[in-house]
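Enquirer: Start counting the sequence shown at 8; every next residue gets the next number (this note's numbering). For each residue, glycine too, the CB sits at the ideal point set by N, CA and C.
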Amino acid sequence: MANAMRPAWAAIDLQALQHNTQVIRKLAGNRRILGILKANAYGHGLTRIAQALADIDAIGVARVDEALQLRNFGITRPIVLLEGFFAAEQIPILAASNIQPVIHNLHQLEQLAAAEHVSDPMRVWLKIDTGMHRLGIEPSQVSACYQQLANMPQVNGPPILMTHLACADEPEHAQNVKQLNKFAELVHPYQDSVTSMANSAALFAGIGSEYDWVRPGLSLYGVSPFAGTVGSDYALQAVMNLQASMISVRKIKAGEPVGYGAAWAPAEDTYIGIVAIGYGDGYPRHAPQGTPVWIGGRCYPLVGRVAMDMITVDLGAQLNVELGDTAQLWGRELPVEKVAAAVGTIPYELLCNVARRVQLDYLD
Ligand SMILES: Cc1ncc(COP(=O)(O)O)c(C=O)c1O
Numbered sequence: 008m009a010n011a012m013r014p015a016w017a018a019i020d021l022q023a024l025q026h027n028t029q030v031i032r033k034l035a036g037n038r039r040i041l042g043i044l045k046a047n048a049y050g051h052g053l054t055r056i057a058q059a060l061a062d063i064d065a066i067g068v069a070r071v072d073e074a075l076q077l078r079n080f081g082i083t084r085p086i087v088l089l090e091g092f093f094a095a096e097q098i099p100i101l102a103a104s105n106i107q108p109v110i111h112n113l114h115q116l117e118q119l120a121a122a123e124h125v126s127d128p129m130r131v132w133l134k135i136d137t138g139m140h141r142l143g144i145e146p147s148q149v150s151a152c153y154q155q156l157a158n159m160p161q162v163n164g165p166p167i168l169m170t171h172l173a174c175a176d177e178p179e180h181a182q183n184v185k186q187l188n189k190f191a192e193l194v195h196p197y198q199d200s201v202t203s204m205a206n207s208a209a210l211f212a213g214i215g216s217e218y219d220w221v222r223p224g225l226s227l228y229g230v231s232p233f234a235g236t237v238g239s240d241y242a243l244q245a246v247m248n249l250q251a252s253m254i255s256v257r258k259i260k261a262g263e264p265v266g267y268g269a270a271w272a273p274a275e276d277t278y279i280g281i282v283a284i285g286y287g288d289g290y291p292r293h294a295p296q297g298t299p300v301w302i303g304g305r306c307y308p309l310v311g312r313v314a315m316d317m318i319t320v321d322l323g324a325q326l327n328v329e330l331g332d333t334a335q336l337w338g339r340e341l342p343v344e345k346v347a348a349a350v351g352t353i354p355y356e357l358l359c360n361v362a363r364r365v366q367l368d369y370l371d
């Protein structure tokens, strides 16, 4: 008899989250941890992850609505807005909610200087472009911006100086040394300043992790930031287990096509499992044939096209699984890094794309 069956759900392992936090805490030593929870905590559910991460020093998000969602939920820890405010109207809201913006260009600086109704002066971060050339003020602007912020009535104390590495996931890349040297040179005159550089990859590679705040995102969720490796190589445990029931098992004769476009047919008679997850759940539509799907203790290849609500898996000529079994698309049994490599993407994208209709089950 089949178990009760379910469409896609994600079992979120909060013990694994705590474990990863401890691994990171150990690596970070006495540095403070800004845990990155943007994009719905990389798909894991913003508020519950923030609540579970009581042990980190501050939370980083990318959007004002994410920060306010946390405040409305009762999270009182410092929150850093990684791209700062997008409009001057947001400044009083941030000040009233004790949300710390990152200032990354002169336009924001001017908006802040002109802001009225700032109830409490804000702590701000100043992002410096040391070579990524995306966000951040120019090195030549650091001195003026620092002085201006340090003296602004809207701002509480000197800014925290931060930068972001372009190539931390390739520790040997020459760009890392360039950015490290640039940052060291730029922050040198501000010996008493608080500083920040390292994301997960930089922290695990020991690049710039000596600065006061480290900013891990991916590693909190148990995922390796380095291509060709998995979280367990760094003692991390997968937090998200994306799963769905196998809602049908069919015997298919050699040459009979399966799914949309009749895109795949078995060379020999085989069993096909239909798993209740598809691109409507965030499973990548372009996942190629052979992408692994874990069912009942081993991996089977995805075959045919990914549909909105279903995928098809070749179970082979000898059936070792049964209707109602739980398939794991990624998680503890099947690292998301391996699925991402098979699909030609990065784990970040797979995690963030998990759709709203996928129920998140939190396991304490
Ligand atoms: C400024 C900044 N710091 C830290 C992180 C966290 O990076 P990771 O998830 O690779 O640890 C991000 C994420 O993109 C970021 O934008």
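Under three-state DSSP, which class holds Lys260?
Expert: Taking the sequence shown and counting its residues from 1, the one referred to as residue 260 is at position 253. Coil.
Enquirer: Give me the DSSP bridge partner(s) of Met247.
Expert: Here residue 247 corresponds to residue number 240 of the sequence shown, with the count starting at 1. In DSSP, Met247 forms a bridge with Ile19.
Enquirer: Within the present structure, is the beta-carbon of Leu225 separated from the nearest heavy atom of ligand 1 by less than 7 Å?
Expert: What you label residue 225 is simply residue 218 of the sequence shown in a count that begins at 1. Yes; taking the cut-off as 7 Å, the Cβ of Leu225 has a heavy atom of ligand 1 nearer than that.
Enquirer: Report yes if the C-beta of Ile31 is less than 7 Å from at least one heavy atom of ligand 1; otherwise report no.
Expert: As a working note, residue 31 is residue 24 in the sequence shown. For ligand 1, not one heavy atom lies less than 7 Å from the Cβ of Ile31.
Enquirer: Given this structure, state the Cα-to-Cα distance separating Met8 from Gly285, to the nearest angstrom.
Expert: Position 1 of the sequence shown, counted from the start, is the residue given in the question as residue 8. Position 278 of the sequence shown, counted from the start, is the residue given in the question as residue 285. Summary for Met8: the model assigns pLDDT 49, below 50, so the residue's position carries little reliability; its value from the coordinates is reported in the next sentence. Rounded to the nearest angstrom, the two C-alpha atoms are 25 Å apart.
Enquirer: Nearest CA to the CA of Ala173: which residue from Lys185, Leu243 and Ile167?
Expert: For the purposes of this step, residue 173 is identified with residue 166 of the sequence shown, where counting begins at 1. Answer by Cα proximity: Lys185.
Enquirer: Quick one: Cα of Glu329 to Cα of Glu356, how far?
Expert: Your numbering for residue 329 matches position 322 in the sequence shown. Your numbering for residue 356 matches position 349 in the sequence shown. Near 31 Å, if we compare the C-alpha coordinates of Glu356 and Glu329.
Enquirer: For Trp271 and Glu177, I'd like the C-alpha separation in whole angstroms.
Expert: Residue 271 sits at position 264 when you count from the first residue of the sequence shown. Residue 177 sits at position 170 when you count from the first residue of the sequence shown. Each residue's Cα considered, the two are about 37 Å apart.
Enquirer: Whose C-beta lies closer than 6 Å to the C-beta of Leu24 among residues of the same chain, with five residues either side of it excluded?
Expert: Mapped onto the sequence shown, residue 24 falls at position 17. Ala59 and Val246, listed in sequence order.
Enquirer: Hey, quick one: how far does the beta strand (DSSP E) through Ile279 stretch, first residue to last?
Expert: Along the sequence shown, one-based indexing puts residue 279 at 272. Looking at the DSSP string, the run of the beta strand (DSSP E) that includes Ile279 is Thr277 to Val282.
Enquirer: Does ligand 1 have a heavy atom nearer than 7 Å to the CB of Ile284?
Expert: Counting from 1 along the sequence shown, the entry for residue 284 is found at position 277. Incorrect: Ile284 has no Cβ contact closer than 7 Å to ligand 1.
Enquirer: Short of 8 Å in beta carbon distance, which residues of its chain neighbour Asp368, apart from the five on each side in sequence? Order them along the chain.
Expert: Residue 368 sits at position 361 when you count from the first residue of the sequence shown. Excluding residues within five positions, the ones whose Cβ falls inside 8 Å are Trp16, Ala17, Ala18 and Ile19.
Enquirer: Within the present structure, is the beta-carbon of Arg55 separated from the nearest heavy atom of ligand 1 by less than 7 Å?
Expert: Taking the first residue of the sequence shown as 1, we reach residue 55 at position 48. Checking the Cβ of Arg55 against ligand 1 gives no.
Enquirer: Where do the ends of the alpha helix (DSSP H) carrying Arg78 lie?
Expert: Position 71 of the sequence shown, counted from the start, is the residue given in the question as residue 78. Start and end: Val71 to Phe80.
Enquirer: Regarding Ile40 and ligand 1, is the C-beta to nearest heavy atom distance less than 7 Å?
Expert: Along the sequence shown, read from residue 1 onward, the residue named residue 40 stands at position 33. The answer is no for Ile40.
Enquirer: So within the stretch 146-208, which uninterrupted beta strand (DSSP E) runs reach at least 3 residues, ignoring any that extend past its ends?
Expert: Those beta strand (DSSP E) runs which fall completely within the stretch 146-208 and span 3+ residues are 167-169.
Enquirer: Taking all protein chains shown into account, do 16 or more other C-beta atoms lie within 10 angstroms of the C-beta of Ile318, making it buried, or fewer, making it exposed?
Expert: Here residue 318 refers to the residue found at position 311 of the sequence shown. Buried: at least 16 other Cβ atoms inside 10 Å.
Enquirer: Return helix, strand or coil for Asp288, following the three-state DSSP convention.
Expert: One-based indexing of the sequence shown puts residue 288 at position 281. Note: Asp288 maps to helix in three-state DSSP.
Enquirer: Taking its Cβ as the centre, do 16 or more other Cβ atoms sit within 10 Å of Arg363, making it buried, or is it exposed?
Expert: Counted from its first residue, the sequence shown places residue 363 at position 356. Exposed, since its Cβ has fewer than 16 Cβ neighbours within 10 Å.
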